[in-house]
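Below: the structure, in structure tokens.
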């Protein structure tokens, strides 16, 4: 399933890189510690987190993630959005909690990567 | 803000003078419409500028010709049927300006003049498309050549030991540029032809080393990546404060990061562990607990992946 479809089904708000939503999502990962994401998230994964500072983009870009879902109504600041746009990393936001987003993603068949 | 494509950049970069047709067929005001018809047919064009004594005085198109034909006025001189004082473009204008002109005026072509208003070319939509395509093609070839050269550098250059060293300065507490050194090393390695698996391991190791310097050092440090046939060596060196107990620092979850840094998601105490997982060899030293030197070797042949 593509990020665009996931975004539509979960009513996520696309904040950046609208041109990069066609990527096929290979799986999902959730955590708020960057080093954990660095260790476990795989290329093409969608990363669910409530962190929203620019380093989230650095991690996503280094790992070639499909995109980042920022939860609990956190709105990334301008620097984060600008960097994400520059690096072509889609950031999607939602009022839902990380738990709910991950649950919905699982229902839609997005697997966790062990 | 939508993503800006190379094509969009190009319409600002490319000048009208670079894409216009330079060999311009012109007619004089005295040329008859019948003669004009022959000229258009012969050159397979749909309009020409009208020039008198070297000066641009008008423009005449196939549309004017059809009107004259319908009115039975084919013997009339071009000077009577042409559009006077045509809208012109300048050679030094960006192509985007020409695109706007084609949108706002309903003309098929614009005469192009130089700084002294001398006619030097003609621009059609076709010229713009061709110019853009040509430029893109040239750039594509250049990128292919760069890539080829970069990935064959070790075969092209003969020495007893060849290596490329990339140096990056890392500034303490500079969160705005955090991850930039690793990101640059990542793209350099991709260009040098390293496999995605290797690039990933190097990216993770350098990112964690970079974050350690940003988060924990007093005055920043340097990260370098040395690429040699068969191996990549990453070195991260700083000037302090150093690690008092390396064994303790290597424990998963051990962290000295203050609360505010942890709230940002850093300082999980997993950085060194992540580096170790990606490394084939790892040496961490902090002589006299005053400064820190980290050396990570990643072998290129093993392709063993993260541990």
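Chains as they are written, first to last, in this note's numbering: chain A, 1 to 114; chain B, 1001 to 1307.
We put the CB at the ideal spot given by N, CA and C, even for glycine.
{"Item": "Strictly below 9 angstroms CB to CB, what residues from chain A border residue 1183 of chain B?", "Value": "58, 61, 62 and 87"}
{"Item": "Residue range of the beta strand (DSSP E) that residue 1236 of chain B falls in?", "Value": "1231–1238"}
{"Item": "Quick one: using the 10 Å Cβ neighbour count with 16 as the cut-off for buried, is residue 1099 of chain B buried or exposed?", "Value": "exposed"}
{"Item": "Any beta carbon from chain B within less than 8 angstroms of residue 66 of chain A's own beta carbon?", "Value": "no"}
{"Item": "What do you get for residue 1 of chain A, buried or exposed, if any count of 16 or more other CB atoms within 10 angstroms of its CB means buried?", "Value": "exposed"}
{"Item": "In three-state terms, what does DSSP make of residue 100 of chain A?", "Value": "helix"}
{"Item": "What residues of chain B sit near residue 77 of chain A, judged by a beta carbon separation below 8 angstroms?", "Value": "Near residue 77 of chain A there are no residues of chain B at all, since even the closest Cβ is about 11 angstroms away, more than 8 angstroms."}
{"Item": "Under a CB-based cut-off of 8 angstroms, is residue 1176 of chain B close to chain A?", "Value": "yes"}
{"Item": "Could you spell out the range, first to last residue, of the beta strand (DSSP E) harbouring residue 1060 of chain B?", "Value": "1055–1061"}
{"Item": "Give every residue of the same chain whose Cβ lies closer than 7 angstroms to the Cβ of residue 1219 of chain B, excluding the five residues on either side of it in the sequence, and list them in chain order.", "Value": "1172 and 1239"}
{"Item": "Identify the continuous beta strand (DSSP E) that holds residue 1110 of chain B and give its terminal residues.", "Value": "1109–1113"}
{"Item": "So within the segment 1164–1245 of chain B, which uninterrupted alpha helix (DSSP H) runs reach at least 4 residues, ignoring any that extend past its ends?", "Value": "1180–1191 and 1196–1216"}
{"Item": "Considering only the alpha carbon of each residue, which of B/1225, B/1222, B/1125 and B/1203 lies closest to residue 1275 of chain B?", "Value": "B/1203"}
{"Item": "State the Cα-Cα distance for the pair residue 1057 of chain B and residue 1126 of chain B, rounded to the nearest angstrom.", "Value": "24 angstroms"}
{"Item": "Flag residue 1100 of chain B as yes if its beta-carbon sits less than 8 angstroms from any beta-carbon of chain A, otherwise no.", "Value": "no"}
{"Item": "Give the straight-line distance between the Cα atoms of residue 49 of chain A and residue 70 of chain A, rounded to the nearest whole angstrom.", "Value": "5 angstroms"}
{"Item": "Work out the CA separation of residue 1060 of chain B and residue 1032 of chain B for me, nearest whole Å.", "Value": "12 angstroms"}
{"Item": "Return the chain-ordered list of same chain residues with a C-beta closer than 8 angstroms to the C-beta of residue 1068 of chain B, the five sequence neighbours on each side being excluded.", "Value": "1033, 1074, 1076 and 1081"}
{"Item": "Could you pull out every unbroken alpha helix (DSSP H) segment of at least 4 residues lying fully inside the segment 1037–1093 of chain B, listed in chain order?", "Value": "1062–1070 and 1078–1081"}
{"Item": "Just checking: is the beta-carbon of residue 1271 of chain B within a distance shorter than 8 angstroms of some beta-carbon in chain A?", "Value": "yes"}
{"Item": "What runs of the beta strand (DSSP E), each 3 residues or longer, lie entirely inside the segment 32–80 of chain A?", "Value": "45–49 and 67–70"}
{"Item": "Hey, residue 1025 of chain B and residue 1048 of chain B: beta-carbon distance below 8 angstroms or not?", "Value": "yes"}
{"Item": "Could you pull the start and end residues of the alpha helix (DSSP H) that residue 1318 of chain B belongs to?", "Value": "With chain B running from 1001 to 1307 in the structure shown, residue 1318 of chain B is simply not present."}
{"Item": "By Cβ distance below 6 angstroms, which residues in the same chain neighbour residue 1293 of chain B in space, the five residues on each side in sequence not counted?", "Value": "1237 and 1285"}
{"Item": "Cβ of residue 1039 of chain B versus every heavy atom of the ligand NAD: is any distance shorter than 7 angstroms?", "Value": "Looking at this structure, you won't find the ligand NAD or any other ligand, since it has none at all."}
{"Item": "Since residue 1203 of chain B meets chain A, which of its residues come closer than 7 angstroms, beta carbon to beta carbon?", "Value": "62"}
{"Item": "Under 8 angstroms, Cβ to Cβ, is there at least one residue of chain A near residue 1154 of chain B?", "Value": "no"}
{"Item": "Can you confirm whether the segment 1198–1216 of chain B touches the segment 1267–1282 of chain B when touching is taken to mean that 3 or more C-beta pairs between the two stretches lie within less than 8 angstroms?", "Value": "yes"}
{"Item": "DSSP state of residue 1292 of chain B, grouped into three classes?", "Value": "coil"}
{"Item": "Could you please give the first and the last residue of the uninterrupted beta strand (DSSP E) stretch that includes residue 1124 of chain B?", "Value": "1119–1124"}
{"Item": "When the Cβ atoms of the segment 35–54 of chain A are set against those of the segment 14–21 of chain A, are three or more pairs found closer than 8 angstroms?", "Value": "no"}
{"Item": "Measure from the alpha carbon of residue 1095 of chain B to the alpha carbon of each residue in B/1015, B/1222, B/1210 and B/1300, then state which is nearest.", "Value": "B/1015"}
{"Item": "Whose Cβ in chain B lies nearer than 8 angstroms to the Cβ of residue 3 of chain A?", "Value": "What residue 3 of chain A touches in chain B: nothing, since even the nearest Cβ is about 15 angstroms away."}
{"Item": "Using DSSP with H/G/I as helix, E/B as strand and the rest coil, what is residue 18 of chain A?", "Value": "helix"}
{"Item": "Once you ignore the five residues that flank residue 1097 of chain B on each side, which residues in its own chain have a CB closer than 8 angstroms to its CB?", "Value": "1016 and 1089"}
{"Item": "Tell whether a beta-carbon distance below 8 angstroms holds between residue 1027 of chain B and residue 1045 of chain B.", "Value": "no"}
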